[in-house]
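Report on the following structure.
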Amino acid sequence: MKLTEAHIDSALNQLEAQAIPDNHPAKVQLSELFGDHTFFLDASGLTIIEPVKTDGVAEAVGRVVKLARWGDETRRNLSPHEPEYTDVVVALDKAA
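Mapping the sequence shown onto my numbering, position 39 (from 1) lands on 554, and the numbers just tick up by one.
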């Protein structure tokens with residue numbers, strides 16, 4: 516899921532992560548591997564946010580999905596793995 520700037524800001528207020536900007540050199544390769552998403556880096560590795568279908572809820576909600584882990588303590592290399600859906604859910608329309 517590609518997020519708007521407002522959704523990115525809202526997500527970052529709820530997560531300890533850093534969004535990878537669209538102009539980052541790794542963005543093209545990440546999109547080729549995982550599709551067109553807004554990517555986040557955190558202490559555990561690379562994540563995205565996928566929409567959660569809810570009934571009657573006015574705000575947009577997304578679930579954090581892990582795509583790659585850090586290869587070592589230096590956090591310079593990522594090791595991709597099958598997507599892992601987490602229990603972490605963020606309200607994307609939440610006021611900052």
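Each residue gets a CB set at the ideal place from its N, CA and C atoms; glycine is no exception.
According to DSSP, is residue i part of a helix, a strand, or is it coil?
{"i": "E588", "result": "coil"}
{"i": "A521", "result": "helix"}
{"i": "A541", "result": "coil"}
{"i": "L527", "result": "helix"}
Just to confirm before moving on: does the CB-CB distance between residue i and residue j stay below 8 Å?
{"i": "T601", "j": "R584", "result": "no"}
{"i": "P598", "j": "V580", "result": "yes"}
{"i": "D557", "j": "A541", "result": "no"}
{"i": "F554", "j": "L561", "result": "yes"}
Any idea which residues DSSP pairs residue i with across the strands?
{"i": "P566", "result": "G577"}
{"i": "F555", "result": "A534 and T562"}
Using the Cβ count rule (16 or more neighbours within 10 Å means buried), how would you classify residue i?
{"i": "S525", "result": "buried"}
{"i": "H552", "result": "buried"}
Using only CA atoms, which one of the options lies nearest to residue i?
{"i": "P595", "options": "M516, N538, L545 and A534", "result": "L545"}
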